[in-house]
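Heads up: the structure comes next, in structure tokens.
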Amino acid sequence: MVKKMGEKRWRSEEKEEKLSHVYTAVLKPNNELQILIDGEDKKKANFLFFEDFELAFISFKTIPGPDDKKSEDWDERAKIPDPMQQNATKPEDWDEDAPIENLDEEAEKSEGWLDDEPEEIDDLEATKPKDWDDEEDGEWEAPKIDNPG
1 MVKKMGEKRW RSEEKEEKLS HVYTAVLKPN NELQILIDGE DKKKANFLFF
51 EDFELAFISF KTIPGPDDKK SEDWDERAKI PDPMQQNATK PEDWDEDAPI
101 ENLDEEAEKS EGWLDDEPEE IDDLEATKPK DWDDEEDGEW EAPKIDNPG
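With UniProt numbering, the residue at position 95 of the sequence shown is 95, and numbering never jumps.
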């Protein structure tokens, strides 16, 4: 599963300057963030609060409520067995030592099969840059691409 992470911005009323500064972020285990600018404490924030960030790091749906409680029939086991698999059995002719993959002994490579082809080939559509200098940059070589064959 891939979760897209959006840009997070710290809400700040401070004016933007054109000067260089040293920014330090102190991250704490309770999701608090402390921002130091040039060593001075400038802001305290919390990753979970929408008031502190334009997009909070955790959405409303995933923030546990203070009154949340587990139901009475909650199962604390780390792994719960699948009831559909409890009576499952392997076939009688199951071979634990059999290879994971069965190779077809009768299979033959087709005519023209290329065993030793490289995985990458020169990009035939690539051209030498106009500003390339062989003396300064060395001999130009086309970039490699995946071999389509």
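Just so you know, even glycine gets a beta-carbon here, dropped at the ideal spot from N, CA and C.
The criterion of a C-beta distance shorter than 8 angstroms is not satisfied by E120 and D97.
When C-alpha distances from P143 are compared across D122, P129, K128, the shortest belongs to D122. The beta strand (DSSP E) runs of length 3 or more contained entirely in the stretch 40-118 are, from start to end of the chain, 40-46. Going by DSSP, D122 is part of the beta strand (DSSP E) stretching over 120-122.
Closest in C-alpha terms to L124, from the list D93, W94, E141, K43, comes E141.
Under the three-state reduction of DSSP, E135 is assigned to helix. With respect to L19, A25 sits apart: the two C-beta atoms are not nearer than 8 angstroms. In terms of Cβ geometry, I37 and H21 form a close pair [threshold 8 angstroms].
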